[in-house]
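> Sending over a structure as structure tokens; questions will come in a sec.
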């Protein structure tokens with residue numbers, strides 16, 4: 045129990061440190077003390093104030109929200125499907141969102157503002173197709189059926205994405221940033237359009253924590269306790285689809301985060317109890333994405349690189365270290 | 023077959039009444055017409071050959087498998103009309119072997135069992151915590167309450183599963199082959215635990231393979247053969263030499279003396 049509280053405290057500290065770094069560092073360095081003053085409304089309206097409040101604050105919040113959402117999406121999918129390899133990829137969201145974004149880039153290059161909407165809609169469409177095939181007919185809602193339908197849909201949409209890029213190679217450069225996964229300093233606009241999806245997904249997750257703990261004891265125990273296993277899995281997949289599609293709309297494809305963060309927190313907390321894993325994955329995902337984005341903006345400043353690869357560079361050593369210790 | 027009117031329970035509905043239950047799995051009929059009634063405070067063992075449909079029948083009456091025909095009522099209420107949380111308060115189902123999630127302790131697992139009594143997002147009260155301690159005490163798992171499930175032996179894990187069921191505080195506990203994977207000592211442990219719970223007033227329905235064990239601990243046995251219930255009653259009356267030959271195709275007879283039971287089997291036939 046104490047171990048879990050310590051891990052949660054460390055993750056929270058990491059999150060705060062990463063958020064402050066994201067706000068303070070960049071082409072213009074703002075001292076952390078001044079950042080905190082600005083956040084507390086004690087700023088003086090100078091250029092630093094402008095940079096922190098109008099550019100970096102929305103981006104930091106985006107990083108925290110998307111990181112938390114992907115961490116939670118991975119945690120509940122791994123729990124619901126009892127599969128350590130589950131991530132938003134396996135319910136088709138990532139493939140669909142990638143296809144939707146590239147479709148906008150290729151067909152409506154003048155309306156690039158539509159890109160997040162395209163990613164969101166196609167991400168949800170791919171997930172909906174997975175649900176249709178996995179939750180009908182015999183054995184509906186079984187783990188194997190969900191995973192296989194998800195992999196089929198992922199392959200289908202990924203093939204579409206690759207096909208579009210091959211047909212319009214001149215569009216590839218603008219697509220890379222999205223496919224690699226990256227945030228941008230575009231103010232509050234993205235969050236304004238996507239927050240209902242994050243909120244809906246997060247609300248479902250709150251109600252899922254206890255049923256997922258029951259499901260971890262097997263379908264029969266869950267049924268004995270009055271839960272319906274296929275329904276829990278469907279609710280978890282819907283919540284993960286909302287969170288992951290909204291995340292893709294803001295930050296492109298960051299599949300690694302949803303896959304790895306829940307494992308890291310499980311190994312660190314030495315438990316798979318969802319009461320711990322879900323909040324810890326939210327904190328860990330938020331901290332990792334904010335830290336990765338800080339690096340992505342500063343390594344070759346003023347050029348901003350996609351955050352995806354940086355997150356992997358930070359995440360993999362932590363993951364491998366814990367993997368060695370976890371036996 | 024027993025007639026539906028012969029419930030023998032006066033004005034009170036029985037904990038479980040099931041008539042004419044049929045179950046199909048993937049188009050194949052597994053249970054073709056089964057009746058099952060349990061009275062308060064008795065231990066009923068469902069016995070039968072492999073593939074006869076014992077487990078499927080018990081899963082169907084427990085609400086884990088949808089029957090294709092028949093009536094199943096818990097305390098007089100049709101199982102299909104009960105909400106999950108209501109059904110969880112009427113019966114607990116203990117599977118043969120549950121998956122073991124990493125790092126989850128015995129106390130946490132029993133707490134998950136108790137969560138069936140809570141509203142969504144409802145918090146545990148002192149009453150719930152008492153019930154959790156009580157369930158662990160009755161199943162004799164308190165000694166290793168803080169250990170992770172992965173570190174337990176088969177017998178200890180089976181007792182934890184029973185504790186999870188007890189935490190539901192349902193009047194009926196159903197267990198599917200609780201001793202099939204256990205060694206002799208652990209089987210004695212679990213059998214004694216279940217019999218003790220019945221003597222304290224719990225009602226228990228078991229699926230059992232071992233006829234000698236069933237005869238020793240059960241008040242009544244129900245014989246399932248080829249998807250039908252073919253006999254029900256006290257073990258000595260039901261598990262006759264003729265029935266063992268007819269249902270199991272075995273040349274065998276059951277003996278009982280001082281609470282010790284044995285099945286004498288001509289393993290290689292008559293010589």
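Protein chains in written order, with the working numbering: chain A, 45 to 371; chain B, 23 to 293. We treat Cβ as the ideally placed atom computed from N, Cα and C, and that holds for glycine.
Is residue 343/A helix, strand or coil by DSSP?
Correct three-state label for residue 343/A: coil.
> Starting from the C-beta of residue 275/B, find all residues in its chain whose C-beta is less than 6 Å away, skip the five residues before and the five after it, and write them out in chain order.
Excluding positions up to five away in sequence, the list reads 263 and 286.
> Interface residues of chain B around residue 251/A at Cβ under 8 Å?
What residue 251/A touches in chain B: 142 and 143.
> With DSSP as the reference, identify every bridge partner of residue 196/B, one or two as the case may be.
115/B and 227/B.
> Tell me, which residues are paired with residue 41/B by DSSP?
93/B.
> Among residues of its own chain, excluding the 5 on either side of residue 251/B, which ones have a beta-carbon nearer than 6 Å to its beta-carbon?
For residue 251/B, where only same-chain residues beyond five positions count, the Cβ hits under 6 Å are 56, 57 and 244.
> Taking 8 Å as the threshold, find out whether the stretch 140-151 of chain A comes into contact with the stretch 201-210 of chain A through three or more Cβ pairs.
The stretch 140-151 of chain A vs the stretch 201-210 of chain A: in contact.
> Buried or exposed, going by whether 16 or more other CB atoms sit within 10 Å of the CB of residue 26/B?
Confidence in residue 26/B is poor, its pLDDT being 49 and thus under 50, which makes the residue's placement unreliable; the coordinate value appears in the next sentence. Classification for residue 26/B: exposed.
> Between residue 137/B and chain A, is there a C-beta pair that is closer than 8 Å?
Residue 137/B counts as touching chain A.
> So, is the C-beta of residue 314/A closer than 8 Å to a C-beta in chain D?
Of the protein chains in the structure, A and B, none is chain D.
> Whole angstroms is fine: what's the gap from residue 141/B's alpha carbon to residue 106/B's?
Cα-Cα distance, rounded: 11 Å.
> Roughly how many angstroms separate the alpha carbons of residue 64/A and residue 312/A, rounded to a whole number?
Roughly 24 Å between the two C-alpha positions.
> Please report the Cβ distance between residue 113/B and residue 196/B, rounded to the nearest whole angstrom; I am assuming they are in contact, meaning their Cβ atoms lie under 8 Å.
Indeed they touch by this definition, with Cβ atoms about 6 Å apart.
> Along chain A, which residues have their Cβ under 9 Å away from the Cβ of residue 126/B?
Ordered by position in chain A, the residues that pass the 9 Å Cβ test against residue 126/B are 257, 260, 261, 315, 316 and 317.
> Can you tell me the Cα-Cα spacing of residue 60/B and residue 90/B, whole angstroms?
Whole-angstrom Cα-Cα distance: 21 Å.
> Quick one: which chain A residues come within Cβ less than 9 Å of residue 39/B?
Ordered by position in chain A, no residue passes the 9 Å Cβ test against residue 39/B, which lies about 20 Å from the chain.
> Count the other CB atoms within 10 Å of the CB of residue 357/A; is the residue buried (16 or more) or exposed (fewer)?
Flag for residue 357/A reads exposed.
> Are residue 181/B and residue 161/B touching if we call contact CB-CB under 8 Å?
A contact, by the Cβ cut-off of 8 Å.
> Tell me which residues share the same chain as residue 284/B and place their Cβ nearer than 7 Å to its Cβ, disregarding the 5 neighbours each side in the sequence.
Around residue 284/B: 234 and 277.
> Comparing C-alpha positions only, which one of 240/A, 67/A and 343/A sits nearest to residue 98/A?
Nearest option by C-alpha distance: 67/A.
> Using a beta-carbon distance below 8 Å, is residue 160/B in contact with chain A?
Closer than 8 Å: no.
> Tell me, please, whether the stretch 188-203 of chain A touches the stretch 71-91 of chain A by the rule of three or more beta-carbon pairs shorter than 8 Å.
With a cut-off of 8 Å, the stretch 71-91 of chain A and the stretch 188-203 of chain A do not count as touching, because too few Cβ pairs lie within range.
> Identify the continuous alpha helix (DSSP H) that holds residue 152/B and give its terminal residues.
Where residue 152/B is concerned, the enclosing alpha helix (DSSP H) stretches over 148-160.
> Whole angstroms are fine: how far does the CA of residue 256/B sit from the CA of residue 267/B?
If I take the Cα positions, the gap works out to 18 Å.
> Which same chain residues end up closer than 7 Å to residue 281/B when comparing Cβ atoms and leaving out the 5 residues on each side of it in sequence?
Around residue 281/B: 238.
> Looking at chain A, is there any beta carbon in it that lies within less than 8 Å of the beta carbon of residue 190/B?
True, the Cβ-Cβ gap to chain A drops below 8 Å.
> Run through DSSP, which three-state label would residue 348/A get?
Residue 348/A falls in the coil class under three-state DSSP.
> Cutting at 7 Å between CB atoms, please list the residues of its own chain near residue 56/A, excluding the five before and the five after it.
327, listed in sequence order.
> From this set, 340/A, 316/A, 351/A and 291/A, which residue's C-alpha is nearest residue 236/A's C-alpha?
The residue with the shortest Cα to Cα distance from residue 236/A is 291/A.
> Per DSSP, residue 238/A forms a beta bridge with which residues?
Residue 238/A pairs with nothing; no bridge assigned.
> Using 8 Å as the threshold, is the C-beta distance between residue 283/A and residue 302/A below it?
Not closer than 8 Å, so no.
> From residue 215/B to residue 272/A, what distance separates their C-alpha atoms?
Residue 215/B and residue 272/A: Cα-Cα distance of roughly 29 Å.
> Do you know how far the Cα of residue 105/A is from the Cα of residue 8/B?
One cannot answer for residue 8/B here, as it falls past the ends of chain B, which runs 23 to 293.
> Quick one, are the C-beta atoms of residue 125/A and residue 277/A less than 8 Å apart?
Yes.
> Quick one: give me the first and last residue of the beta strand (DSSP E) that residue 275/B is part of.
Per DSSP, residue 275/B belongs to the beta strand (DSSP E) from 274-279.
> Look at the alpha carbon of residue 239/A and the alpha carbon of residue 195/A, and state the distance between them as a whole number of angstroms.
Going by the C-alpha atoms only, they are around 28 Å apart.
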